[in-house]
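Under the numbering used here, the residue at position 97 of the sequence shown is numbered 841, and the numbers go up by one with no gaps. Cβ atoms here follow ideal geometry from the backbone N, Cα and C, with glycine treated the same way. Given the structure is predicted, the values throughout are model-derived calculations rather than measurements. A short write-up of the structure that comes next.
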Amino acid sequence: MLLTVGVVVGVTTALFGFGGGFVTVPVITAVDAGLGGDAIHAATATSAVVMLVNAGFATAATRRDVLMRLGRSAPLLVLLAAGGAAGTLAGRFAPASLVRWGFVAYLAVTVVDVLARPGFFRPQRAAAEGGDARGTRGLRSRLGFPIGTVAAFLGVGGSVMTVPLMRRSGEAMSVATSLANPLTVAIVVPAVALSLSTPAGIPHTTGFVGAVDMRAAAALLAGAMPVILLLRRRPPRIPETAHSVGYLLLLIASGAAVALLG
């Protein structure tokens, strides 16, 4: 089952910039349901590992000209990483119900925002500064810390915030979702380091390192990585509207899955 889910994670990573959090959190919550209230903590930690590997792999396979659109984004990346560390630590001590319903609320607010505010489905192409488009035009550096904190707290990669912002700044879905992967890497590196190296509060269970379910992570990655490589080498041509609608439907499905598990 996890191998099959891994294939889906590979598709979402390559096509939507989701390193896997929106799919893996509900799945791992179900797989590790025997942990009771700790299942959601295991899910968010395991999700971070899966996202790091998948997003890093997808970034390495992305065309250089697309990655160059990150421009001078070092301050943004640093603040995303700082937020990732803060969110991981906060999530470690938060009640499981807060993390679970925070995840659902996070997606619900984003769905409403995408539907209510113009610019996501049909963005106005922003005028390029100096003739050179910057993919992170809509992402001000000061947004890095809150985005990283919320994303790491809930075990997601931040693409639910970064992709709409880049869309409203005029980027195509293919570019916005591709750039979401390196931004996700910045968030989850400290999250993974903390999840693996600090006590998890989860009773000793075979296959866990810290709060990370390593067996589940390995199965998900085995299914995802070949798909990411294939879709990066042979990217499908998806109409902008269909690509945007698919992104929205994935958000709704992920939020509903976690809500039902609660």
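Start-to-end residues for the alpha helix (DSSP H) that takes in Ser939:
It spans Met917 to Ser941 - the alpha helix (DSSP H) in which Ser939 sits, taken as one unbroken run.
| request: Would you kindly work out how many angstroms separate the C-alpha atoms of Phe762 and Leu898, rounded to a whole number? | output: 14 Å
- Query: Under the three-state reduction of DSSP, which class applies to Phe864: helix, strand or coil?
  - Reply: coil
Classify Ile996 as buried or exposed, calling it buried when 16 or more other Cβ atoms lie within 10 Å of its own Cβ. exposed
Assuming contact is defined by CB atoms lying nearer than 9 Å, are Met905 and Arg911 in contact in what I supplied? no
Answer with buried or exposed for Ser941, where buried requires no fewer than 16 other C-beta atoms within 10 angstroms of its C-beta. exposed
Original post:
Do Gly888 and Ala924 come within 9 Å of each other at the CB atom, strictly closer than that value?
Top reply: Contact: no.
* Could you say if the segment 809 to 823 and the segment 982 to 999 meet the contact criterion of at least three C-beta pairs nearer than 8 Å? => no
Can you say whether Leu747 is buried or exposed, counting buried as having 16 or more other CB atoms within 10 angstroms of its CB? In this structure Leu747 is exposed. Its beta-carbon is surrounded by fewer than 16 other beta-carbon atoms within 10 angstroms.
Quiz item: Is it right to say Ser913 is buried, meaning 16 or more other beta carbons lie within 10 angstroms of its own, or is it exposed?
Solution: Around the beta carbon of Ser913, a 10 Å sphere encloses 16 or more other beta carbons of the protein chains shown; the residue is thus reported as buried.
Notebook entry, point to check: What residue from Ala829, Phe952 and Arg861 has the CA that sits closest to Ala787's CA?
Noted result: Phe952
Return helix, strand or coil for Val749, following the three-state DSSP convention. helix
Problem set entry | CB of Ala968 within 9 Å of CB of Leu796, strictly | no
Exposure of Phe837, with buried meaning 16 or more beta-carbon neighbours within 10 Å:
Its Cβ having fewer than 16 others within 10 Å, Phe837 is exposed.
- [ ] Use the C-beta contact count for Asp957: other C-beta atoms within 10 angstroms, 16 or more gives buried, fewer gives exposed.
- [x] buried
Inset, instruction - Using a threshold of 9 Å, state whether the C-beta atoms of Ala792 and Val932 are closer than that. - result: yes
> Can you check whether the CB of Pro890 is closer than 9 Å to the CB of Gly827?
Replying inline: yes
May I ask you to report which of helix, strand or coil DSSP gives Asp957?
strand
Q. Do you know offhand how far Pro862's Cα is from Leu909's?
A. 11 Å
request  = Mark Val1004 as exposed unless 16 or more other C-beta atoms lie within 10 angstroms of its C-beta, in which case mark it buried.
outcome  = In the sequence as displayed, the identity of residue 1004 is Leu instead of Val. So Leu1004 counts as exposed.
With distances taken from CA atoms, which of Arg959, Ala896 and Val919 is nearest Val929? When Arg959, Ala896 and Val919 are compared, the shortest CA-CA separation from Val929 is found for Ala896.
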